[in-house]
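Undergrad:
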Amino acid sequence: MGGIAAADGLVIVGGRDVLDDGDLWLALAADTGEERWRFLYPAPGRLDYGNSPRATPLVADGVVFLFGAFGHLHALEAPTGHILWTKNLAQEFSIPKLDWGLTGSPLLVDGKLIVQPGGRSACLVAMDPKSGKVLWKTSGGKPGHASFIAASAPGGMQVIGYDADSLGGWSVADGKRLWKVTPRLSGDFNVPTPIRLDERRLFVCTENNGARIYAFTPQGSLRPEPTATCETLAPDSHTPVVSRGRVYGAANGLHCLDANNGLKEIWVNEDEAFQSYVSLIACDHRILAYTTAAELILLADEGETCREVSRLKLANAAKGVLSHPALVGSRLFVRMGRQIARLDLE
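The sequence shown lines up with residues 26 to 371 when you count with the numbering used here.
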(Lines of atoms letter the chains of each structure in order from A; the text may use other names.)
(Lines give C-alpha, C1' and ligand atoms only; values in the text may rest on other atoms or scores of the structure.)
Protein backbone atom coordinates (compact mmCIF):
# COMPACT_ATOMS: atom_id res chain seq x y z
CA MET A 26 0.00 0.00 0.00
CA GLY A 27 2.89 2.38 0.63
CA GLY A 28 4.25 4.58 -2.14
CA ILE A 29 7.50 3.97 -3.98
CA ALA A 30 10.58 6.06 -3.12
CA ALA A 31 13.23 6.63 -5.81
CA ALA A 32 16.45 8.55 -5.15
CA ASP A 33 20.23 8.18 -5.28
CA GLY A 34 19.98 5.52 -8.00
CA LEU A 35 17.78 3.30 -5.83
CA VAL A 36 14.11 2.34 -5.78
CA ILE A 37 12.79 1.51 -2.29
CA VAL A 38 9.59 -0.49 -1.88
CA GLY A 39 7.96 -2.10 1.16
CA GLY A 40 5.90 -5.22 1.72
CA ARG A 41 5.56 -8.28 3.94
CA ASP A 42 7.39 -11.57 4.30
CA VAL A 43 5.89 -14.85 3.07
CA LEU A 44 4.35 -15.62 6.49
CA ASP A 45 2.92 -12.10 6.82
CA ASP A 46 4.62 -11.68 10.20
CA GLY A 47 7.32 -9.20 9.25
CA ASP A 48 7.95 -6.10 7.16
CA LEU A 49 10.21 -6.61 4.15
CA TRP A 50 11.86 -3.68 2.37
CA LEU A 51 13.73 -3.99 -0.93
CA ALA A 52 16.24 -1.62 -2.50
CA LEU A 53 16.50 -2.07 -6.26
CA ALA A 54 18.91 -0.55 -8.74
CA ALA A 55 17.01 2.17 -10.62
CA ASP A 56 18.75 1.29 -13.90
CA THR A 57 18.19 -2.47 -13.94
CA GLY A 58 15.82 -3.49 -11.14
CA GLU A 59 18.55 -5.66 -9.64
CA GLU A 60 18.20 -6.14 -5.87
CA ARG A 61 20.85 -4.18 -3.96
CA TRP A 62 19.73 -5.08 -0.45
CA ARG A 63 16.75 -6.28 1.54
CA PHE A 64 15.71 -5.55 5.11
CA LEU A 65 13.39 -7.81 7.10
CA TYR A 66 12.26 -7.49 10.72
CA PRO A 67 9.44 -9.04 12.81
CA ALA A 68 6.25 -6.98 12.78
CA PRO A 69 3.40 -9.24 13.87
CA GLY A 70 -0.15 -7.99 13.97
CA ARG A 71 -3.36 -7.70 11.99
CA LEU A 72 -4.81 -4.58 10.40
CA ASP A 73 -7.72 -3.86 8.10
CA TYR A 74 -6.69 -3.87 4.42
CA GLY A 75 -3.57 -5.94 5.03
CA ASN A 76 -0.51 -5.50 7.19
CA SER A 77 2.10 -4.01 4.86
CA PRO A 78 3.68 -0.58 5.45
CA ARG A 79 1.54 2.38 4.37
CA ALA A 80 4.17 5.12 4.62
CA THR A 81 6.37 6.05 1.68
CA PRO A 82 10.07 5.77 2.61
CA LEU A 83 12.07 8.97 3.01
CA VAL A 84 15.51 9.23 1.39
CA ALA A 85 17.75 12.13 2.46
CA ASP A 86 21.51 12.71 2.69
CA GLY A 87 22.33 9.10 1.89
CA VAL A 88 19.98 7.70 4.54
CA VAL A 89 16.70 5.80 4.07
CA PHE A 90 14.04 6.19 6.76
CA LEU A 91 11.53 3.31 6.86
CA PHE A 92 8.27 3.52 8.83
CA GLY A 93 6.09 0.44 9.24
CA ALA A 94 2.37 0.31 9.98
CA PHE A 95 3.00 -1.19 13.44
CA GLY A 96 5.34 1.60 14.55
CA HIS A 97 8.78 0.29 13.59
CA LEU A 98 11.09 3.12 12.48
CA HIS A 99 14.54 2.45 11.02
CA ALA A 100 17.33 4.53 9.55
CA LEU A 101 19.54 2.68 7.03
CA GLU A 102 22.52 3.65 4.90
CA ALA A 103 21.05 4.01 1.41
CA PRO A 104 23.90 2.39 -0.58
CA THR A 105 24.33 -0.65 1.69
CA GLY A 106 21.21 -1.12 3.81
CA HIS A 107 23.38 -1.00 6.94
CA ILE A 108 21.29 -0.18 10.04
CA LEU A 109 22.15 3.15 11.65
CA TRP A 110 19.46 3.11 14.33
CA THR A 111 16.09 1.58 15.06
CA LYS A 112 13.06 2.40 17.24
CA ASN A 113 9.76 0.74 18.11
CA LEU A 114 7.48 3.74 18.55
CA ALA A 115 4.46 1.64 19.48
CA GLN A 116 6.27 0.28 22.52
CA GLU A 117 8.15 3.45 23.41
CA PHE A 118 5.10 5.69 23.42
CA SER A 119 2.30 3.19 24.20
CA ILE A 120 0.27 4.16 21.16
CA PRO A 121 -3.40 3.08 21.09
CA LYS A 122 -4.62 0.16 18.99
CA LEU A 123 -5.29 1.35 15.44
CA ASP A 124 -7.43 -0.45 12.86
CA TRP A 125 -5.34 0.88 9.95
CA GLY A 126 -1.98 1.25 11.64
CA LEU A 127 0.43 4.17 11.24
CA THR A 128 0.29 5.64 7.75
CA GLY A 129 1.91 9.07 7.55
CA SER A 130 5.33 9.25 5.89
CA PRO A 131 8.30 10.61 7.89
CA LEU A 132 9.07 14.29 7.35
CA LEU A 133 12.51 15.92 7.59
CA VAL A 134 12.45 19.66 8.31
CA ASP A 135 14.94 22.01 10.01
CA GLY A 136 17.15 19.09 10.94
CA LYS A 137 14.35 17.19 12.69
CA LEU A 138 12.75 13.89 11.65
CA ILE A 139 9.05 14.16 12.46
CA VAL A 140 6.61 11.25 12.69
CA GLN A 141 3.13 10.81 14.17
CA PRO A 142 2.81 7.83 16.51
CA GLY A 143 -0.42 9.18 18.01
CA GLY A 144 -1.61 8.92 21.57
CA ARG A 145 -1.80 11.01 24.70
CA SER A 146 1.95 11.32 25.23
CA ALA A 147 3.19 11.39 21.64
CA CYS A 148 0.78 12.75 19.07
CA LEU A 149 3.87 14.04 17.23
CA VAL A 150 7.52 13.22 17.85
CA ALA A 151 10.66 14.95 16.53
CA MET A 152 13.95 13.04 16.49
CA ASP A 153 17.55 13.62 15.59
CA PRO A 154 17.82 11.97 12.15
CA LYS A 155 21.42 10.94 12.86
CA SER A 156 20.75 9.09 16.11
CA GLY A 157 17.01 8.67 16.63
CA LYS A 158 17.21 10.63 19.88
CA VAL A 159 13.88 12.22 20.80
CA LEU A 160 14.13 16.01 20.63
CA TRP A 161 10.55 16.71 21.62
CA LYS A 162 7.15 15.04 21.80
CA THR A 163 3.73 16.57 22.12
CA SER A 164 0.58 15.17 23.69
CA GLY A 165 -2.66 14.72 21.78
CA GLY A 166 -5.19 12.24 20.49
CA LYS A 167 -5.14 9.37 18.03
CA PRO A 168 -3.34 10.03 14.72
CA GLY A 169 -4.90 10.90 11.41
CA HIS A 170 -3.95 8.95 8.30
CA ALA A 171 -2.41 11.68 6.13
CA SER A 172 1.21 12.64 5.79
CA PHE A 173 2.28 15.97 7.29
CA ILE A 174 3.64 18.90 5.28
CA ALA A 175 6.07 21.65 6.29
CA ALA A 176 5.16 25.33 5.96
CA SER A 177 6.94 28.58 6.73
CA ALA A 178 5.00 31.03 8.89
CA PRO A 179 5.63 34.33 10.68
CA GLY A 180 6.26 32.51 13.96
CA GLY A 181 8.67 30.02 12.42
CA MET A 182 8.39 26.71 10.58
CA GLN A 183 5.40 24.57 11.36
CA VAL A 184 4.11 21.17 10.31
CA ILE A 185 0.51 20.83 9.19
CA GLY A 186 -1.62 17.70 9.28
CA TYR A 187 -4.37 15.83 11.08
CA ASP A 188 -5.04 14.04 14.28
CA ALA A 189 -8.09 11.77 14.30
CA ASP A 190 -10.57 14.63 14.72
CA SER A 191 -9.06 17.88 13.50
CA LEU A 192 -6.61 19.71 11.29
CA GLY A 193 -3.73 21.47 12.99
CA GLY A 194 -0.36 23.16 12.91
CA TRP A 195 2.54 22.36 15.24
CA SER A 196 5.76 24.28 15.84
CA VAL A 197 8.82 22.56 14.40
CA ALA A 198 10.99 24.16 17.10
CA ASP A 199 9.29 22.66 20.15
CA GLY A 200 6.16 20.71 19.07
CA LYS A 201 3.68 23.18 20.53
CA ARG A 202 0.29 23.02 18.84
CA LEU A 203 -0.29 26.42 17.26
CA TRP A 204 -3.83 26.10 15.94
CA LYS A 205 -6.72 23.68 15.47
CA VAL A 206 -9.57 23.57 12.96
CA THR A 207 -12.45 21.15 13.48
CA PRO A 208 -14.66 20.60 10.38
CA ARG A 209 -18.42 21.06 10.40
CA LEU A 210 -19.15 17.32 10.04
CA SER A 211 -17.38 14.68 12.12
CA GLY A 212 -16.26 11.21 11.09
CA ASP A 213 -13.68 11.99 8.39
CA PHE A 214 -10.90 9.43 8.01
CA ASN A 215 -8.43 12.27 7.34
CA VAL A 216 -6.40 10.44 4.71
CA PRO A 217 -5.79 12.99 1.88
CA THR A 218 -2.68 15.10 2.50
CA PRO A 219 -3.18 18.89 2.86
CA ILE A 220 -1.76 21.10 0.09
CA ARG A 221 -0.24 24.54 0.64
CA LEU A 222 -1.56 26.62 -2.26
CA ASP A 223 0.53 29.69 -1.43
CA GLU A 224 1.61 31.71 1.62
CA ARG A 225 -1.99 32.66 2.35
CA ARG A 226 -4.03 29.52 1.63
CA LEU A 227 -4.30 25.81 2.48
CA PHE A 228 -6.32 23.26 0.49
CA VAL A 229 -7.81 20.18 2.16
CA CYS A 230 -10.43 17.61 1.25
CA THR A 231 -12.18 14.74 3.04
CA GLU A 232 -15.11 12.43 2.38
CA ASN A 233 -17.67 14.09 4.68
CA ASN A 234 -16.71 17.76 4.38
CA GLY A 235 -15.61 17.91 0.73
CA ALA A 236 -12.91 20.19 -0.67
CA ARG A 237 -12.10 23.42 1.17
CA ILE A 238 -9.66 26.32 1.13
CA TYR A 239 -8.67 27.93 4.41
CA ALA A 240 -6.87 31.24 4.86
CA PHE A 241 -3.89 31.83 7.14
CA THR A 242 -3.92 34.72 9.59
CA PRO A 243 -0.97 37.17 9.64
CA GLN A 244 0.28 35.27 12.71
CA GLY A 245 0.38 31.94 10.84
CA SER A 246 -2.67 30.15 12.27
CA LEU A 247 -5.64 29.06 10.17
CA ARG A 248 -8.97 30.86 10.18
CA PRO A 249 -11.68 28.42 11.36
CA GLU A 250 -14.12 28.95 8.48
CA PRO A 251 -13.20 28.05 4.88
CA THR A 252 -13.05 30.76 2.24
CA ALA A 253 -14.13 28.35 -0.52
CA THR A 254 -15.82 24.94 -0.62
CA CYS A 255 -16.78 22.25 -3.15
CA GLU A 256 -18.96 19.34 -2.08
CA THR A 257 -18.52 17.27 -5.26
CA LEU A 258 -14.82 16.57 -4.68
CA ALA A 259 -14.93 14.47 -1.52
CA PRO A 260 -12.41 11.58 -1.66
CA ASP A 261 -11.96 9.28 1.32
CA SER A 262 -8.34 8.32 0.59
CA HIS A 263 -7.13 9.93 -2.66
CA THR A 264 -4.99 13.09 -2.48
CA PRO A 265 -5.61 15.65 -5.27
CA VAL A 266 -2.84 17.63 -6.98
CA VAL A 267 -2.52 21.30 -7.91
CA SER A 268 -1.01 22.83 -11.04
CA ARG A 269 -1.33 26.37 -12.46
CA GLY A 270 -4.00 27.27 -9.92
CA ARG A 271 -6.15 24.27 -10.80
CA VAL A 272 -7.02 21.41 -8.46
CA TYR A 273 -7.34 17.93 -9.97
CA GLY A 274 -8.98 15.26 -7.83
CA ALA A 275 -10.88 12.00 -8.19
CA ALA A 276 -14.22 11.16 -6.56
CA ASN A 277 -17.00 9.93 -8.83
CA GLY A 278 -15.02 11.29 -11.76
CA LEU A 279 -11.91 13.41 -12.23
CA HIS A 280 -12.73 16.98 -11.19
CA CYS A 281 -10.90 20.14 -12.23
CA LEU A 282 -11.53 23.02 -9.82
CA ASP A 283 -10.40 26.64 -9.97
CA ALA A 284 -8.39 27.33 -6.81
CA ASN A 285 -8.46 31.06 -7.54
CA ASN A 286 -12.21 31.29 -8.08
CA GLY A 287 -13.95 29.74 -5.08
CA LEU A 288 -13.18 26.14 -6.14
CA LYS A 289 -15.57 26.55 -9.03
CA GLU A 290 -15.83 23.35 -11.06
CA ILE A 291 -14.32 23.80 -14.54
CA TRP A 292 -14.78 20.30 -15.96
CA VAL A 293 -15.40 16.67 -14.94
CA ASN A 294 -14.15 13.51 -16.65
CA GLU A 295 -16.61 10.72 -15.76
CA ASP A 296 -14.46 7.80 -16.95
CA GLU A 297 -15.05 4.88 -14.56
CA ALA A 298 -11.28 4.75 -13.90
CA PHE A 299 -11.71 7.92 -11.81
CA GLN A 300 -14.68 6.80 -9.71
CA SER A 301 -12.73 6.09 -6.51
CA TYR A 302 -8.98 5.92 -5.94
CA VAL A 303 -6.30 7.02 -8.38
CA SER A 304 -2.73 8.34 -8.08
CA LEU A 305 -2.17 11.63 -9.90
CA ILE A 306 0.89 13.54 -11.12
CA ALA A 307 0.36 16.94 -12.77
CA CYS A 308 2.65 19.31 -14.64
CA ASP A 309 1.61 22.34 -16.67
CA HIS A 310 -1.36 21.23 -18.80
CA ARG A 311 -0.88 17.46 -18.42
CA ILE A 312 -2.25 15.02 -15.84
CA LEU A 313 -0.85 11.49 -15.50
CA ALA A 314 -3.16 9.09 -13.66
CA TYR A 315 -2.29 5.62 -12.37
CA THR A 316 -5.42 3.61 -11.62
CA THR A 317 -6.24 0.75 -9.27
CA ALA A 318 -6.30 -1.52 -12.36
CA ALA A 319 -2.62 -0.73 -13.12
CA GLU A 320 -3.48 1.49 -16.07
CA LEU A 321 -1.73 4.75 -16.94
CA ILE A 322 -3.93 7.48 -18.42
CA LEU A 323 -2.43 10.69 -19.82
CA LEU A 324 -4.80 13.65 -20.07
CA ALA A 325 -4.42 17.14 -21.49
CA ASP A 326 -6.22 20.03 -19.79
CA GLU A 327 -7.56 22.13 -22.68
CA GLY A 328 -9.15 24.89 -20.66
CA GLU A 329 -12.86 24.19 -20.39
CA THR A 330 -12.48 20.45 -20.98
CA CYS A 331 -9.89 17.69 -20.98
CA ARG A 332 -8.70 15.33 -23.71
CA GLU A 333 -7.37 11.82 -23.32
CA VAL A 334 -3.95 11.67 -24.95
CA SER A 335 -3.20 8.00 -24.40
CA ARG A 336 -3.64 5.10 -22.03
CA LEU A 337 -1.50 2.07 -21.31
CA LYS A 338 -2.52 -1.10 -19.48
CA LEU A 339 0.48 -2.42 -17.55
CA ALA A 340 -0.93 -5.63 -16.06
CA ASN A 341 -4.14 -7.27 -17.25
CA ALA A 342 -4.77 -9.17 -14.02
CA ALA A 343 -3.85 -6.39 -11.58
CA LYS A 344 -6.52 -4.85 -9.38
CA GLY A 345 -6.60 -2.90 -6.16
CA VAL A 346 -3.35 -1.08 -6.97
CA LEU A 347 -2.88 1.66 -4.34
CA SER A 348 0.89 2.28 -4.25
CA HIS A 349 1.77 5.75 -5.56
CA PRO A 350 4.35 5.81 -8.41
CA ALA A 351 7.66 7.66 -8.20
CA LEU A 352 8.81 10.03 -10.94
CA VAL A 353 12.52 10.84 -11.38
CA GLY A 354 13.23 12.91 -14.47
CA SER A 355 11.53 11.01 -17.29
CA ARG A 356 11.60 7.69 -15.43
CA LEU A 357 8.38 6.46 -13.86
CA PHE A 358 8.50 3.62 -11.32
CA VAL A 359 5.19 1.83 -10.75
CA ARG A 360 4.03 -1.09 -8.64
CA MET A 361 1.53 -3.72 -9.80
CA GLY A 362 0.86 -5.98 -6.82
CA ARG A 363 3.93 -8.22 -6.58
CA GLN A 364 5.65 -6.60 -9.54
CA ILE A 365 7.47 -3.32 -9.99
CA ALA A 366 8.43 -1.76 -13.31
CA ARG A 367 10.29 1.19 -14.80
CA LEU A 368 8.90 3.13 -17.74
CA ASP A 369 10.79 5.76 -19.72
CA LEU A 370 8.26 8.48 -20.47
CA GLU A 371 10.35 10.06 -23.23
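Cβ atoms here follow ideal geometry from the backbone N, Cα and C, with glycine treated the same way.
Keep in mind it's a predicted model, so treat the numbers as computed, not measured.
What's the C-alpha gap between Glu295 and Asn277?
TA: Rounded to whole angstroms, Glu295 to Asn277 spans 7 Å at the Cα level.
Undergrad: In its own chain, which residues sit with a C-beta less than 6 Å from the C-beta of Ala32, not counting the 5 before and 5 after it?
TA: Answer for Ala32: Val84, listed in chain order.
Undergrad: In or out: His99 buried (at least 16 other Cβ within 10 Å) or exposed?
TA: Buried, since its Cβ has 16 or more Cβ neighbours within 10 Å.
Undergrad: I'd like the ranges of any beta strand (DSSP E) spanning at least 3 consecutive residues and lying wholly in the segment 40 to 110.
TA: DSSP runs (the beta strand (DSSP E)) wholly in the segment 40 to 110: 47 to 54, 60 to 67, 83 to 85, 88 to 92, 97 to 102.
Undergrad: For Asp188, which residues of its own chain have a beta-carbon under 7 Å away from its beta-carbon, when the five flanking residues on both sides are left out?
TA: Same-chain partners within the cutoff: Cys148, Gly165, Gly166, Lys167, Pro168, Gly169.
Undergrad: Contact check, Phe22 vs Ile108 under 8 Å by CB: the rounded distance?
TA: This structure cannot speak to residue 22, because the chain is shown only from 26 to 371.
Undergrad: Let me know if Ser335 comes out buried or exposed under the rule of 16 or more other beta-carbons within 10 Å of its beta-carbon.
TA: Exposed.
Undergrad: Report the start-end ranges of each beta strand (DSSP E) in the segment 106 to 153 that is 3 residues or longer and not cut off at the edges.
TA: Segments of the beta strand (DSSP E) lying fully in the segment 106 to 153: 108 to 113, 132 to 134, 137 to 140, 149 to 152.
Undergrad: Pick from His280, Pro219, Asp326, Trp204: whose alpha carbon is nearest that of Gly129?
TA: Closest by alpha carbon: Pro219.
Undergrad: For the candidate residues Leu347, Leu279, Ser268, Thr252, whose alpha-carbon lies nearest to that of Gly287?
TA: Among Leu347, Leu279, Ser268, Thr252, the Cα nearest to that of Gly287 is on Thr252.
Undergrad: Thr231 and Pro208 look like a contact to me (Cβ under 8 Å); what is the Cβ gap, rounded to whole Å?
TA: Contact holds; Cβ gap of about 7 Å.
Undergrad: Grab the span of the beta strand (DSSP E) containing Arg237 for me, first residue to last.
TA: That run of the beta strand (DSSP E) goes 235 to 240.
Undergrad: Let's see if you can read the secondary structure: which residues bound the beta strand (DSSP E) around Lys162?
TA: Taken as a continuous stretch (DSSP letters only), the beta strand (DSSP E) holding Lys162 covers 159 to 163.
Undergrad: Kindly provide the ranges of any beta strand (DSSP E) runs that are 3 or more residues long and lie completely inside the segment 267 to 324, ordered along the chain.
TA: Entirely contained in the segment 267 to 324, the beta strand (DSSP E) runs reaching 3 residues are, in chain order, 271 to 275, 279 to 283, 289 to 294, 303 to 308, 311 to 316.
Undergrad: If we require 3 or more residues per run, which beta strand (DSSP E) segments fall completely within the segment 175 to 239?
TA: Complete beta strand (DSSP E) runs here, min 3: 183 to 187, 192 to 196, 202 to 206, 226 to 231.
Undergrad: Would you kindly work out how many angstroms separate the C-alpha atoms of Ala351 and Asp223, rounded to a whole number?
TA: When rounded, the distance between both Cα atoms is 24 Å.
Undergrad: Whose CA, out of Leu44, Met182, Leu279, Ile139, lies closest to the CA of Asp153?
TA: The candidate whose alpha carbon is nearest that of Asp153 is Ile139.
Undergrad: Measure the C-alpha to C-alpha separation of Cys255 and Ser304 and round it to an integer number of angstroms.
TA: About 20 Å.
Undergrad: Can the beta-carbon of Ser196 be found less than 9 Å from the beta-carbon of Gly186?
TA: Not in contact: Ser196 and Gly186 (Cβ atoms no closer than 9 Å).
Undergrad: Classify Val346 as helix, strand or coil using the three-state DSSP reduction.
TA: DSSP places Val346 in coil when its eight states are reduced to three.
Undergrad: For Gln364, report the span of its beta strand (DSSP E) as first-last.
TA: Per DSSP, Gln364 belongs to the beta strand (DSSP E) from 364 to 369.
Undergrad: Please say whether Val272 and Ala259 have beta carbons closer to each other than 9 Å?
TA: It is not a contact, given that the beta carbons lie outside the stated cut-off.
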